[in-house]
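Residue numbers (UniProt numbering): 1 to 506.
Don't be surprised by glycine CBs; every beta carbon is placed ideally from N, CA and C.
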């Protein structure tokens, strides 16, 4: 894509050499020949019928169920906190380590897995990632079977499950971004994902202690979770073969590039230095997610025990009460997705985010251990402070999207209703002096448009201030390394706490 600047004072986009290190290059049909499909199918013929809505609905349902077992398991562990601490003879810091290990594994892993999701597609990677989660769930179940109650084995199972858990949602989003365009069902499909996710977490969290109490051991709750994980793995396999079938039978458009969906393997390069060229909007979203996800995770990890302390009830009541917060999002997210598809308003991610969750959950567990009454109040205060920062960052982005739209064009476009998007793209392109080459006949036949090129140019990586770019990168890496340090401290606090408990007979 050739871009020119009419105003020499504007910052030019990356030249072709640099762009190659940032974007994943697609050797698809734009090269004048049909790409070879990784799954054995040639590019779809234009004479094929359009994809029916019934098959799109089937894709939504099956893809959403791919992470049902993942989110069921997430709610399970936090709900069983009191039971796990008692049966495995660990303290709050060690439990915080158990929760945080998922995020620790994904501080770097999610970057590599994200590259392979882009390269091989979401359908294939969903099978791989769901398989890792299933294996981890089975190991955790074995750790509690026959009164083994092995904390190290629980950690091993958590690590295996974390390999799949951290990027499985990303694989789902890749599938939906292929089948659904923004403003034409994409936001609804994402809302459907979180509806199913919240229902799964609610069910797992609210029934975990009921199962453990009535069946005599929490191992049954973990084994039921493994069965659910097996069901999700089966759904992932079904999605993989359904994707092949739909591409072979129907004319499916890949909404990420406007071309026909062929399942071709994308060949590209990955260069860590490309992070320096990411626009300011990206880093603001990361900053928001750092505080928002960490705050939510810190609250969720203590929610059941917090309900027990406040209500002075047992684990069963605590699990039910702490899971009620999931019901409103479960019912609301699909409708929010429809609203976003119609009106926009998207303001209002991942290795750095995962590291921040490690920091906050480990700190929350340590604060509880340092309290003479084992109180959770300091941990809740820490959660509230994180919530304040996330709201402040999102508020800044919202104000800037209206007050200075040219500064954060991606943020501005996320606020615009899909029906108004063409006019807004043209307006921002004129303001920034962007001129793009019109697509030729072959590119037009594949779905390329001048409007789409302008939109991609507005969101494309650019040469920002060198010092500021390095500062962004340094802060991100700093959070990751602090996360690893906090994880190590959490392990040390847990071991130290166990030694003290053993000497005093607790």
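query	result
As assigned by DSSP and simplified to three states, the class of residue 80	coil
Integer Cβ distance of residue 413 from residue 421, believed to fall under 8 Å	7 Å
Close beta carbons around residue 172, own chain, < 8 Å, minus the five adjacent residues each side	63, 64, 66, 67, 122, 126, 193
First and last residue of the uninterrupted alpha helix (DSSP H) at residue 156	151 to 179
DSSP state of residue 407 mapped onto helix, strand, coil	coil
Cα-Cα separation, residue 289 to residue 106	15 Å
Distance between residue 229 and residue 244 (C-alpha atoms, nearest Å)	23 Å
Extent of the continuous beta strand (DSSP E) to which residue 435 belongs	434 to 436
Within 9 Å, strictly: CB atoms of residue 411 and residue 397	yes
DSSP-derived helix/strand/coil call for residue 454	helix
Within 9 Å, strictly: CB atoms of residue 163 and residue 109	yes
Neighbourhood of residue 51 by C-beta distance below 6 Å, restricted to the same chain and skipping five residues each side	250, 252
Length of the line joining the Cα atoms of residue 85 and residue 91	6 Å
Presumed contact (8 Å Cβ cut-off) between residue 137 and residue 225, rounded CB distance	6 Å
Buried or exposed by the 16-neighbour rule on C-beta atoms within 10 Å, applied to residue 74	buried
Residue 459 (DSSP reduced to helix, strand or coil)	helix
Residues of its chain near residue 200, where Cβ-Cβ distance is below 6 Å and the 5 sequence neighbours each way are ignored	68, 71, 72
Outcome for residue 515 when other beta-carbon atoms lying within 10 angstroms are tallied against a minimum of 16	Outside the displayed range of the chain (1 to 506) lies residue 515, so it cannot be described from this structure.
C-alpha distance - residue 514 paired with residue 149, whole-angstrom precision	Here the chain comprises residues numbered 1 to 506, so residue 514 is not present and cannot be evaluated.
DSSP state of residue 48 mapped onto helix, strand, coil	coil
Candidates 454, 116, 240: closest to residue 433 by CA position	454
Simplified DSSP assignment, three categories, for residue 253	strand
Euclidean distance between Cα positions of residue 98 and residue 56	38 Å
Reduced DSSP secondary structure (H/G/I, E/B, other) of residue 191	helix
Run of the alpha helix (DSSP H) containing residue 148, from where it starts to where it stops	Element bounds for residue 148: n/a, residue is neither H nor E.
6 Å Cβ shell around residue 237 - same chain, five flanking residues per side excluded	127
Same chain only: Cβ atoms within 8 Å of residue 117, ignoring 5 sequence neighbours per side	125, 167, 170, 171, 174
Distance CB(residue 60)-CB(residue 189) smaller than 9 Å	yes
For residue 229, three-class secondary structure by DSSP	helix
Nearest-angstrom Cβ-Cβ length linking residue 158 and residue 102, presumed shorter than 8 Å	6 Å
Cβ shell of residue 130 (< 7 Å), same chain only, five flanking positions each side left out	66, 164, 168, 232, 233, 236
Chain-order list of residues whose beta-carbon lies under 7 Å from that of residue 160 (same chain, five-residue window excluded)	132, 135, 136, 139
Extent of the continuous alpha helix (DSSP H) to which residue 53 belongs	53 to 65
Integer Cβ distance of residue 222 from residue 141, believed to fall under 8 Å	4 Å
The alpha helix (DSSP H) enclosing residue 133, as first and last residue numbers	122 to 144
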